[in-house]
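A.B. asks:
Numbering (my numbering), first residue to last: 360 to 680.
1) In three-state terms, what does DSSP make of residue 611?
2) For residue 582, does the count of other Cβ atoms within 10 angstroms reach 16, so buried, or fall short, so exposed?
3) For residue 435, does the count of other Cβ atoms within 10 angstroms reach 16, so buried, or fall short, so exposed?
4) Should residue 633 be labelled buried (16 or more other beta-carbon atoms within 10 Å of its own) or exposed?
5) Over what stretch of residues does the beta strand (DSSP E) that includes residue 524 continue unbroken?
6) Per the contact definition of three or more C-beta pairs closer than 8 Å, is the segment 490-500 in contact with the segment 448-464?
7) Classify residue 650 as buried or exposed, calling it buried when 16 or more other Cβ atoms lie within 10 Å of its own Cβ.
8) Between the alpha carbons of residue 380 and residue 387, how many angstroms are there, rounded?
9) Looking at the strands, I want to know which residues DSSP matches up with residue 496.
10) Across which residues does DSSP place residue 568 in a beta bridge pair?
11) Under three-state DSSP, which class holds residue 644?
12) Going along the chain, which residues of its own chain have a beta-carbon closer than 6 Å to the beta-carbon of residue 528, five neighbours each way excluded?
13) Where residue 675 and residue 627 are concerned, what is the direct C-alpha to C-alpha distance, given to the nearest angstrom?
14) If you scan the segment 400-437 from start to end, which runs of the alpha helix (DSSP H) of 4 or more residues do you find wholly inside it?
15) Residue 473 to residue 398, Cα distance in whole Å?
16) Identify whether residue 552 lies in helix, strand or coil by the three-state DSSP scheme.
17) Using a Cβ-Cβ cutoff of less than 7 Å, which residues in the same chain neighbour residue 577 once the five nearest sequence positions on both sides are dropped?
18) What whole-angstrom Cβ distance do residue 513 and residue 465 have, given they're in contact under 8 Å?
19) Check residue 670 in the structure and name its three-state DSSP category.
20) For residue 393, is the classification buried or exposed, using 16 other Cβ atoms within 10 angstroms of its Cβ as the cut-off for buried?
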């Protein structure tokens, strides 16, 4: 019986967190023993509820057990929410438990947000490449000092959006400068222009300042673009010249083909002359004396050509051909 009673006492003590109940009573926090048993039955670790409750009570926060237990069952971090509420109360930042629980359930670190509200965070952007109107590339790096905006933590954009907007503002500011020398002389003009755009709208942060940490000169983009354009124009001109040359060669070959065609027609026509003469002899339209007279005229013409030198020119032309 003694062993059985001892075993039953051990089981009851392991199921009922008597030590935690005594700690709560010693801290002045009223937590019923049956409330702790109910946590066990609901599979809620009593230590993760009672210890934050003691911490909140000592800090002067009016938080109930049901609020903490409901937040734990919803998947929240009870201890972190209590720490955030205590930090906000000490920093005189208005933050209710419902707002802190919503921020925690949204996946944001509510304690880090409260700490960032007290101690602003510096976000350093990567190297931003921008080109001024004179075609010179400038590489700038900015440091953005931000403070968490508690009211916009739920649904507000994160650091990536702030960095992207600052980069866009730097590119726009440098691109609107007449020369890169103006930017190098007054880099603060970039930060003033970017800061006046209200880049923190819709984000979970409040931008306090934008400082240009470094500005370096990059490539001469304008000269490179002009060089590329000149090279492209040259290639286009060469292509058009090659096209005209090809057309001229094709036209030349076409003319040669036409000349050969005309010569063939001349030869064909000359071949028809004897046939026509023979037909004239047969039909009686041409007599023998007419033929001899024609031969005499042709011989007389050749003799006159040879005397005048035309014959030699024709022979030379035939040799050249």
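Ideal Cβ positions, reconstructed from N, Cα and C, are used throughout, including at glycine.
The structure displayed is predicted, hence computed values, not measured ones.
C.D. replies: Taking the definition as stated:
1) DSSP places residue 611 in the helix class (H, G or I) of the three-state scheme.
2) Exposed.
3) Buried is the call here.
4) So residue 633 ends up on the exposed side.
5) Run containing residue 524: none in the beta strand (DSSP E); it sits in the alpha helix (DSSP H), 518-534.
6) Contact fails: fewer than three Cβ-Cβ distances are below 8 Å.
7) Residue 650 comes out exposed.
8) Distance between residue 380 and residue 387, taken at the CA atoms: about 11 Å.
9) Per the DSSP secondary-structure output, residue 496 pairs in a beta bridge with 490.
10) Among the bridge pairs identified by DSSP, residue 568 is matched with 504.
11) Residue state, collapsed to three classes: coil.
12) Hits under 6 Å: 553 and 556.
13) Any reading at residue 675 must be qualified, since the residue scores a pLDDT of 48, below 50, and its modelled position is unreliable; no value is offered.
14) Restricting attention to alpha helix (DSSP H) runs no shorter than 4 residues, the segment 400-437 encloses them at 406-417 and 424-432, ordered along the chain.
15) Their backbone Cα atoms lie some 30 Å apart in a straight line.
16) Looking at residue 552 - three-state DSSP - the assignment turns out to be helix.
17) Contacts found: 488, 496, 497 and 498.
18) Confirmed, Cβ separation roughly 5 Å.
19) Model confidence at residue 670 stands at a pLDDT of 48, short of 50, so the residue's coordinates are unreliable; what they give is reported in the following sentence. In this structure, DSSP gives residue 670 a helical state, which the three-state scheme calls helix.
20) In the assembly as shown, residue 393 is an exposed residue. Its beta-carbon has fewer than 16 other beta-carbons within 10 Å.
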